[in-house]
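All remarks here apply to the structure that follows.
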Amino acid sequence: MKELQYLNKYFAKYKYRFLLGILITIVAQIFRLFTPKLISKSFKAIEDYHDQNLSNELIKSELIQNILLVVGTTIIAGILTFLMRQTLIVMSRHIEFDLKNEVFKHYEVLDQNFYKKNRTGDLMSRISEDVGKVRMYVGPAVMYTINTLITFTIVIIYMYNESKILTLYTLLPLPILSFIIFKISVIINKRSTIFQQYLSKISSYTQEIFSGIRVVKAYSLEEHHQKNIINLAEESKSKSMSLANVQSFFGPLMVTLIGVSNLVVIYFGGMMYIDGTIKSIGTIAEFILYVNMLTWPVATIGWVSSLVQEAEASQKRINEFLKIEPEIKNTNPNHSIIKGEIEFRNVSFTYEDTNIDALKNVSFKVNKGETLAILGKTGSGKSSILTLITRMYDIKEGSILMDGIPLADLNLYDLRNSIGIVPQDAFLFSDSIKNNIKFGKENASDEEVFEAAKKAVVHDNIINFNQQYETVLGERGITLSGGQKQRVSIARAIIKDPEILLLDDCLSAVDTETEEQILNNLLEISKNKTTIIVSHRVSSAKNADVIIILDEGKIIQQGSHNQLVNQEGYYKELYYKQLSEKEVQ
1 MKELQYLNKY FAKYKYRFLL GILITIVAQI FRLFTPKLIS KSFKAIEDYH DQNLSNELIK
61 SELIQNILLV VGTTIIAGIL TFLMRQTLIV MSRHIEFDLK NEVFKHYEVL DQNFYKKNRT
121 GDLMSRISED VGKVRMYVGP AVMYTINTLI TFTIVIIYMY NESKILTLYT LLPLPILSFI
181 IFKISVIINK RSTIFQQYLS KISSYTQEIF SGIRVVKAYS LEEHHQKNII NLAEESKSKS
241 MSLANVQSFF GPLMVTLIGV SNLVVIYFGG MMYIDGTIKS IGTIAEFILY VNMLTWPVAT
301 IGWVSSLVQE AEASQKRINE FLKIEPEIKN TNPNHSIIKG EIEFRNVSFT YEDTNIDALK
361 NVSFKVNKGE TLAILGKTGS GKSSILTLIT RMYDIKEGSI LMDGIPLADL NLYDLRNSIG
421 IVPQDAFLFS DSIKNNIKFG KENASDEEVF EAAKKAVVHD NIINFNQQYE TVLGERGITL
481 SGGQKQRVSI ARAIIKDPEI LLLDDCLSAV DTETEEQILN NLLEISKNKT TIIVSHRVSS
541 AKNADVIIIL DEGKIIQQGS HNQLVNQEGY YKELYYKQLS EKEVQ
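Residue numbers (the UniProt record's numbering): 1 to 585.
The following block contains the structure:
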């Protein structure tokens, strides 16, 4: 129960609802216990009728009165039970809501290294499956535990007051019932866990295949994957049948053990009635009803134990993530004004997960309103510079300054809000094109959306779609071509109107003519903005104020286009190579 202690703060938060649920449970059980008493009283009245020759009208009147009281108290008990569920189960839904929000909020503040080390499926499982199992603990498990304790306490007091000896005989089979059900519940729990694992495998496999369906079709691998999914489904079916076989014992076992308990009451109660220990047959009937009232709470002990075990395991997995401290923290709660001057001083950076030296002693400065272009071979560290500017990672060697202030000393959220970034791999959400563009500015008007799309040279493509800007994209924007995704992503950055614009090889999938149009528009947009362009094309970099060339994390050339094109080196070779390719085209 150690891991579940984390949830105590939620019980404290909803303490009034929790205490009200307990109070309603107590009152509901008291009203339920009227029925056995009234039935016992009715039997006693019938016996008195025969023994004392009472009038028919008197006995009928008493029986009708008892029947009405049974109906009335049962209805009240039912209403109170409904209110109990509404109070305690609804409380569990509130706790589930709060816990999911807490987990999601924590996911949002965790850094890039965390997401490199953990699979998306596992993260989804913890916020859905694990939180769901925890809800079963704070809801049904807590509710039935309270209900069982209160029912046992009140019923045993009533039974004890009627007959101490018969109470002892009545309770003898119940621990056996509880033990057997607990053992079956443990087996069910194990087999259910295995079955859930296979369901997870099927879900993960099918999700991966559906995401890469174009590759599967291109390589004509449909039959191969069909066989794989059939094998997984057969294994899942086998585990499901194994689970169903155990579950099928549960109902008959309950009926058998309830019958045994009733037979114990009838036999020993009958013997006690014969020898005069019990004065009325109604007492036996009353005890039979008590047994049936106790049987279900006892039966739930095994089930509740299983729920608690599952919740303990799930909460442990959740706690593991909640205890992880983000490496990137906002150390400045005060508002920071970002102007856009960026300076790297002797920055070296190594990715911890791969131990790759991305940058080695890199130094440069970009003044507000200037444009810096970064060129170099694949893996030379170009994208790493942009990643560090957005403070997705913290450096250990050198310093990065924004307006003369170290990045770590700035308000993290103000820093990122001042940046508009177009990543190399454009990510679009499964939403309308309009909302994907408005992701950069949620309250943007339609006119602003259209204008941003025009500047990104994607407006004409969008209006040719049937639903135009209301076109809903597939997963990761699969509805659009690579060039269209890049341009929508550019429009998203443009509409934000940030102080700093970071473009990470975001024109690689567009043709040279479209690239030229976008670059001309960006020249106008980037006035008074600090712009950094990462590219493999000289055409994207030639208008920049400063160009740096990276090779294996080091700056090997730096200067303007005119300066570099007149120097022997990588830039000049690349320029004439791409120029000749353009002429051939």
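Backbone N, C-alpha and C fix where the C-beta goes; we use that ideal spot for every residue, glycine too.
Nearest residue (CA-CA) to residue i, options the options
i, options, result
"S92", "R537, R191, L359 and Y14", "Y14"
"S526", "L166, K368, Q484 and L407", "K368"
"E397", "S430, I433 and N346", "N346"
"F11", "N292, G381 and D98", "D98"
"F182", "K100, Y158, L294 and T300", "T300"
"F364", "T206, E552 and I400", "I400"
"I478", "L502, N443 and D425", "D425"
"residue 604", "R416, I405, F114 and F349", "Residue coverage of the chain in this structure runs from 1 to 585, which leaves residue 604 outside it and unanswerable."
"L63", "S40, W303, K542 and I76", "S40"
"G276", "T390, I165, T145 and E235", "I165"
Cα-Cα separation between residue i and residue j, rounded to whole angstroms
i, j, result
"V264", "T170", "7 Å"
"V260", "I213", "59 Å"
"A244", "R191", "9 Å"
"F344", "K116", "26 Å"
"G340", "L407", "12 Å"
"V422", "I230", "41 Å"
"I538", "T512", "Here the sequence assigns Val to residue 538, which means Ile is not the residue at that position. Each residue's Cα considered, the two are about 11 Å apart."
"R17", "I437", "44 Å"
"I324", "T25", "39 Å"
"F31", "I154", "11 Å"
"G559", "D403", "22 Å"
"V584", "I548", "Only weak support exists for where V584 lies, its pLDDT of 49 falling under 50; the value from the coordinates is given anyway. When rounded, the distance between both Cα atoms is 28 Å."
"K279", "L58", "22 Å"
"V215", "S508", "21 Å"
"D394", "Q563", "33 Å"
"Y575", "S540", "11 Å"
"N66", "L294", "23 Å"
"N292", "K237", "36 Å"
"N543", "N228", "53 Å"
"I89", "G139", "5 Å"
"I462", "F450", "10 Å"
"I79", "G21", "13 Å"
C-beta atoms of residue i and residue j nearer than 8 Å
i, j, result
"H225", "I209", "yes"
"I518", "A456", "yes"
"K37", "E286", "yes"
"E96", "R126", "no"
"Q315", "L4", "yes"
"D505", "E370", "no"
"G269", "T283", "yes"
"K496", "E470", "no"
"G381", "A493", "no"
"P252", "N147", "no"
"Y273", "I281", "yes"
"residue 597", "D431", "Here the chain comprises residues numbered 1 to 585, so residue 597 is not present and cannot be evaluated."
"L536", "L412", "First, the residue type needs correcting, since residue 536 is His and not Leu in the sequence shown. No, they are not a contact pair."
"L428", "S489", "yes"
"L69", "F34", "yes"
"V131", "V103", "yes"
"M392", "Q567", "no"
"I556", "Y570", "yes"
"K377", "G553", "no"
"V142", "S306", "no"
Boundaries of the beta strand (DSSP E) in which residue i is found, first to last residue
i, result
"L502", "I500 to D504"
"N361", "I356 to V366"
"V449", "No beta strand (DSSP E) holds V449; the alpha helix (DSSP H) holding it covers D446 to K455."
Residue(s) in a DSSP beta bridge with residue i
i, result
"S399", "R345"
"V554", "Residue identity differs from the one stated: residue 554 is Lys in this sequence, not Val. D551, per the DSSP bridge assignment."
"A373", "I533 and I547"
"P406", "L401"
"Y351", "I356"
"G559", "I547"
"V472", "S432"
N- and C-terminal bounds of the alpha helix (DSSP H) containing residue i
i, result
"I437", "I433 to K438"
"G132", "V131 to M136"
"V422", "Where V422 is concerned, there is no enclosing alpha helix (DSSP H), although the beta strand (DSSP E) it sits in stretches over I419 to V422."
"R487", "G482 to K496"
"E515", "T512 to I525"
"F31", "K15 to R32"
"L149", "V142 to E162"
"residue 586", "Because the chain spans 1 through 585 in this model, residue 586 falls outside it and cannot be assessed."
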